[in-house]
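Student: Dropping a structure here in C-alpha cells format, bear with me for questions.
Protein chains: 2
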Amino acid sequence: MSQPVAIGMDIGGTHVRVGVFNSDGHLLGQHEASIAAIAPENGLNLIERLIQESLDSVISPSLLGIGIGCTGPLDTVHGLINNPYTLEGWNSVPIVERLSKTFKVPVRLENDADAAALGEYWQGAGREAKRLYAVTVGTGVGTSLIVDGKIYRGLDGSHPEGGHQLIDPDGPACYCGHRGCWESLISGLAISRYARGAKDNGHLLAMAEGDPNRINARLVTEAARAGDPASLAIMQKAARDFSLGIINIISFFVPDVLVLSGGVMKSADLFLPTLEQTLKTPNPMVPFDRVHILPAKLGYYAGLYGGAYMILSEAI
Amino acid sequence: MSQPVAIGMDIGGTHVRVGVFNSDGHLLGQHEASIAAIAPENGLNLIERLIQESLDSVISPSLLGIGIGCTGPLDTVHGLINNPYTLEGWNSVPIVERLSKTFKVPVRLENDADAAALGEYWQGAGREAKRLYAVTVGTGVGTSLIVDGKIYRGLDGSHPEGGHQLIDPDGPACYCGHRGCWESLISGLAISRYARGAKDNGHLLAMAEGDPNRINARLVTEAARAGDPASLAIMQKAARDFSLGIINIISFFVPDVLVLSGGVMKSADLFLPTLEQTLKTPNPMVPFDRVHILPAKLGYYAGLYGGAYMILSEAI
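Below is the structure:
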C-alpha cells in the first residue's frame, strides 16, 4: 500500500533543503545540498535529484505535491524565481512549471519568510494563531503575516517587506532605496558594518586577528557578552532599533502571536530585555501586553514544514 | 409599500451625524447635532432622536439596521463606547444594546477610521479594491485596512493604530506612551505645537493677533502658501514625516489603493509633492509604483456610507 507524502523545500542563498512529510505532518527525511554559485539549469537538476532521493528514502511514497519556500524576489503568481541578487543568474526561472512536469503533481512557490511562517503556524510556535506575524532576522530581515492560515499578500500577489520599514531616516543607505530601514539597522550585515566602522573596535579587531573583514555579528555578540564596551554599545543600539520595529508591527497588525527567528534569537539575551522594557510602556489603545512574542520552534526546518503545509492543507 | 433603509452614523468628538440610505446605497437624508460635553444618557437620547428624525424624513421606511462609526477606543465585540479621552464620561456605554432595543434591528459598532474606509471601499475612492488602506490625518491620525471588503482586526477584535507607528524615536512624547509616533509629528495638533514653539514664528503670531494659542494648522498652511519661511519649514518637515509613514504602510501592506483623507488633503499642495518625490525612489522588492494613492471621495460622509454598508452588505 502506498503512503501519501508531500515534499517541502527551502531554497536559500547558499543551500537547498528538501523534506518529505507524511500526511499527518511528520517529517520522514531530509536532504540538502549547496546551491551557491550554481546556474539555474544545474540548480534545477540538483533540486530534482534531491526530491527523488527524498522520495526514495520513504517506503512506497505517493507524492501529493511539492511546496517551496524560496528567497525572493519571486513571481509567485507565475511560479518564477527572479532573484539574481542572491542566486546569481536566476532570472525568471520557471521552477513551478519544471517540477510539475517532472513529478506530475501540484507545485507551489512562496517567499521563504511566508513558508517559514506557515510552518510555525502549522506545527510550531504560532500553532493555529488567528493572526501570526513572523520576523526573521539573519543576514537580512524577512517578515510574514498569516491570517487564518493564509498568507497575506500585497497587490498582484506581491510579498510585503516589513523588514524595510523605515526606522531612522538619517540611517545607512539600503539596497531598498531608502535610508535607515529596519534591515539596514539590525541585520547581521548591519551589525558587522557598525562594528567594522566603530572607532573603539580594538577588542573586536584583536578577536578577528587584525582582519576587519572577519568581524561579524557572531563576534560582536560574543564580545558584548564578555563586556566589551564598543560591542555592547552596538548591540544596545541594535536592540533599541529592533524594539522600535516590533512596536510598529504590533501597532499595525496587533497579531495574536509574533514569532521571532533567525540569528537574532541566538543573541536573544542581548535583544529581548530591551524589547520587554519597551513593551511595558502602557498604551491606551493597542493591547501590547496581550501579544504573545515567542521564539520560533522549527528552526531551519520551518520552511520545509511550511512547504509541506502548502500541499497538505489543500490536499487533505 | 415600505422601502428598506439603513442608518449610517458617525460619532466624532464634537458632532454626531446620522444618514438614511436606501438599499441601493443612496443617501436620502442627513441629520446632525453637537455632542460635545454631553453625558452618555443625554447623548443616547439625542442619537435616538436623530435616528427617528432621519427615518421620519423618508416615505414609509422599513429599517434594516444601524451601522455606527465612532471615535475610539471602543469594544466592538461587546458594542461599547469606551472613549473618555474624547467623549467625556463615555465609559463602557452600551450603545449597541440600547439602539437594538429601541429600534429592534441589528446594530453594528466600528471604529470611525474603519467605518470611513468601508464607505470609501463601497462608494468612494477605493471602490472594490482588494486591499484598501485608509489614512485620515486631522486632529489625530487614524488608519484602517479593508481586505476583500472586510475590516482587518487585531487580537480580540482590537483596532490597529497605524497612526502611532514610530517615525522619530527622538520626537515629541505622545499619549500613546512613545516618542515620535506618526500622529505626534504630522497631526493638526502637532503642526500647531511646532508652530507655537518655533523661534521664528513672528509672521504666524501676527496672523494670530499676538495670541500663540490661536496659531493652528490652518494658519500655518496659509502662511506657508504665502511664503513664510518658518511655516514652510514646519510643513516641509511634516511632509517628510508624512511620506515616511506612507512608505512604511506600503512596505507592510502593499495595498491596491491607499486613500488619504482629513485636513491633510486641504494642504495637499504642501504635502503631496514630497510624497511623490519619495515614492519615486526605485525599490527592487515592493511595487511602490503600482499602489494607487487617491484622495477620499466621500469627505465627512464617508463614515455614514460605511455605517450603511455594514448593514446593507449583510442584509441584501
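Respectively, the protein sequence lines represent chains A and B.
Oh and the first sequence: position 146 is 1462 in our numbering, straight run, nothing missing.
Oh and the second sequence: position 210 is 1526 in our numbering, straight run, nothing missing.
For glycine and all other residues, C-beta sits at the position ideal for the given N, C-alpha and C.
Any beta-carbon of chain A closer than 9 Å to the one on residue 1394 of chain B?
Tutor: Not one chain A Cβ lies under 9 Å of residue 1394 of chain B.
Student: When you compare only the Cα positions, how much space is there between residue 1620 of chain A and residue 1510 of chain A?
Tutor: Going from the Cα of residue 1620 of chain A to the Cα of residue 1510 of chain A covers about 33 Å.
Student: Residues of the segment 1576 to 1604 of chain A with a CB closer than 8 Å to any CB of chain B: list them in chain order, please.
Tutor: Hits within the stretch, in order: 1597, 1598, 1599, 1600, 1601, 1602 and 1603.
Student: When the cut-off is 9 Å and only beta carbons count, does residue 1331 of chain A lie next to chain B?
Tutor: Not one chain B Cβ lies under 9 Å of residue 1331 of chain A.
Student: Going residue by residue through the segment 1404 to 1440 of chain B, where are the continuous alpha helix (DSSP H) segments of at least 4 residues, counting only ones entirely within it?
Tutor: Listed in chain order, the complete alpha helix (DSSP H) runs (minimum 4 residues) inside the segment 1404 to 1440 of chain B are 1411 to 1419 and 1428 to 1439.
Student: So, residue 1566 of chain A versus residue 1560 of chain A, is the Cβ gap smaller than 9 Å?
Tutor: Taking 9 Å as the Cβ cut-off, residue 1566 of chain A and residue 1560 of chain A do not qualify as a contacting pair.
Student: Note the first and the last residue of the continuous alpha helix (DSSP H) segment covering residue 1604 of chain B.
Tutor: Looking at the DSSP string, residue 1604 of chain B is not in any alpha helix (DSSP H), and its letter there is neither H nor E.
Student: Looking at C-alpha atoms only, which residue of A:1382, A:1443, A:1389 and A:1452 is the closest neighbour of residue 1419 of chain A?
Tutor: When each option's Cα is compared against that of residue 1419 of chain A, the closest is A:1382.
Student: Are residue 1373 of chain B and residue 1343 of chain B touching if we call contact CB-CB under 9 Å?
Tutor: No, the Cβ-Cβ distance between residue 1373 of chain B and residue 1343 of chain B is not below 9 Å.
Student: Taking the beta strand (DSSP E) that residue 1448 of chain B falls in, what are its first and last residues?
Tutor: It spans 1447 to 1453 - the beta strand (DSSP E) in which residue 1448 of chain B sits, taken as one unbroken run.
Student: Contact between the segment 1543 to 1554 of chain A and the segment 1415 to 1435 of chain A: three or more CB pairs below 8 Å?
Tutor: Verdict: no, contact absent.
Student: Run the CB neighbour count on residue 1455 of chain A, radius 10 Å, all protein chains shown included, and call it buried at 16 or more, exposed below.
Tutor: Counting Cβ neighbours within 10 Å, residue 1455 of chain A comes out buried, since at least 16 surround it.
Student: So, do the segment 1443 to 1461 of chain A and the segment 1500 to 1508 of chain A have three or more beta carbon pairs nearer to each other than 8 Å?
Tutor: Verdict: yes, contact present.
Student: Pop quiz: residue 1472 of chain A and residue 1469 of chain B are said to be a contact at Cβ under 8 Å. What is the actual Cβ separation, rounded to whole angstroms?
Tutor: Actually they are not in contact, since the Cβ atoms of residue 1472 of chain A and residue 1469 of chain B sit about 25 Å apart, beyond 8 Å.
Student: For a test of the three-state rule: what should DSSP assign to residue 1622 of chain B, helix, strand or coil?
Tutor: It is helical.
Student: Short of 6 Å in beta carbon distance, which residues of its chain neighbour residue 1476 of chain A, apart from the five on each side in sequence? Order them along the chain.
Tutor: Counting only Cβ-Cβ distances below 6 Å, and skipping sequence neighbours, we find 1470.
Student: Do we get a CB-CB distance below 9 Å when we pair residue 1483 of chain B with the residues of chain A?
Tutor: So, interface residue.
Student: Consider the Cβ of residue 1572 of chain A: report whether some Cβ of chain B lies at a distance smaller than 9 Å.
Tutor: Yes - at least one Cβ of chain B is within 9 Å of the one on residue 1572 of chain A.
Student: Can you give me the start and stop residues for the alpha helix (DSSP H) that residue 1505 of chain A sits inside?
Tutor: Looking at the DSSP string, the run of the alpha helix (DSSP H) that includes residue 1505 of chain A is 1504 to 1513.
Student: Are residue 1610 of chain A and residue 1563 of chain A touching if we call contact CB-CB under 9 Å?
Tutor: No; because the gap between Cβ atoms is not below 9 Å, this pair is not in contact.
Student: What residues in the segment 1373 to 1397 of chain A have a beta carbon less than 9 Å from any beta carbon of chain B?
Tutor: The residues in question are 1388 and 1389.
Student: Looking only at C-alpha atoms, which of A:1528, A:1358 and A:1612 sits nearest to residue 1581 of chain A?
Tutor: Comparing Cα positions, the closest option is A:1612.
Student: Give a yes or no on whether the C-beta atoms belonging to residue 1482 of chain A and residue 1465 of chain A are separated by under 9 Å.
Tutor: Not in contact: residue 1482 of chain A and residue 1465 of chain A (Cβ atoms no closer than 9 Å).
Student: Can you list, in chain order, the residues of its chain whose CB lies under 7 Å from that of residue 1410 of chain A, leaving out five sequence neighbours each side?
Tutor: Answer for residue 1410 of chain A: 1395 and 1396, listed in chain order.
Student: Please report the straight-line C-alpha distance between residue 1385 of chain B and residue 1357 of chain A, rounded to a whole angstrom.
Tutor: Those two C-alpha atoms are separated by around 56 Å.
Student: Among the residues of its own chain, which have a CB less than 7 Å from the CB of residue 1389 of chain B, if the five just before and after it don't count?
Tutor: 1398 and 1399.
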